[in-house]
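Participant:
Numbering (the numbering used here), first residue to last: 31 to 187.
#1: Let me know the secondary structure DSSP gives residue 55 once reduced to three states.
#2: Throw me the rounded Cβ distance for the residue 76 and residue 46 pair, which I believe falls under 8 angstroms.
#3: Would the beta-carbon of residue 62 fall within 9 angstroms of that of residue 98?
#4: Is residue 165 buried or exposed, if buried means 16 or more other CB atoms sit within 10 Å of its CB?
#5: DSSP has residue 41 in a bridge; who is on the other side?
#6: Classify residue 91 as helix, strand or coil using the three-state DSSP reduction.
#7: Determine the direct distance from the alpha carbon of residue 148 to that of residue 157, and round the result to whole angstroms.
#8: If residue 33 sits next to residue 42, beta carbons under 8 angstroms apart, how far is it from one beta carbon to the other, in whole angstroms?
#9: DSSP three-state label for residue 70, please.
#10: Relative to the alpha-carbon of residue 48, which residue among 163, 102, 87, 81 has its alpha-carbon at the smallest distance?
#11: Going by the CB atoms, is the gap between residue 125 and residue 161 shorter than 9 angstroms?
#12: Round the Cβ separation of residue 129 and residue 151 to the nearest angstrom and send it over; I've been treating them as touching at under 8 angstroms.
#13: Comparing C-alpha positions only, which one of 163, 120, 40 sits nearest to residue 67?
#14: Report yes if the C-beta of residue 82 is less than 8 angstroms from at least one heavy atom of the ligand FAD; otherwise report no.
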């Protein structure tokens, strides 16, 4: 049996050799070595120095780029979810404000809330329709001017 510890209580060269060459050690010897390495900084430094010359394994392909891609995708998803919820809440608040929901006196209502909401919804619908029509007309004009400019440039060539 090999001597694993020197008289000062540190691991011997035989113990480090057994660790480095993967020599078979019984359960008690492995336990004693691992326990000693768990608290002895001097032996850990010595073991690390012996391992320093060995070849380290590297992955077949770099690990960092796919990990960073996944982190960026996750961050984008969290950003979009967070601000999409805030945007939806803001849209509902604007819609309720335009309808007049916040200006209704609930205690002196006597059934007028539903009428106010219906009228507000109709007004909001009309405003939305008018806005989309104006936007559509403006976009049509812009696209039409781009077609005319583009056609005139092609004719010159």
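All residues carry an ideal CB built from backbone N, CA and C; glycine is no exception.
Facilitator: According to the structure shown:
#1: coil
#2: 7 angstroms
#3: no
#4: exposed
#5: 35
#6: coil
#7: 14 angstroms
#8: 6 angstroms
#9: coil
#10: 81
#11: no
#12: 6 angstroms
#13: 40
#14: Because no ligand of any kind appears in the structure shown, any question about the ligand FAD cannot be addressed here.
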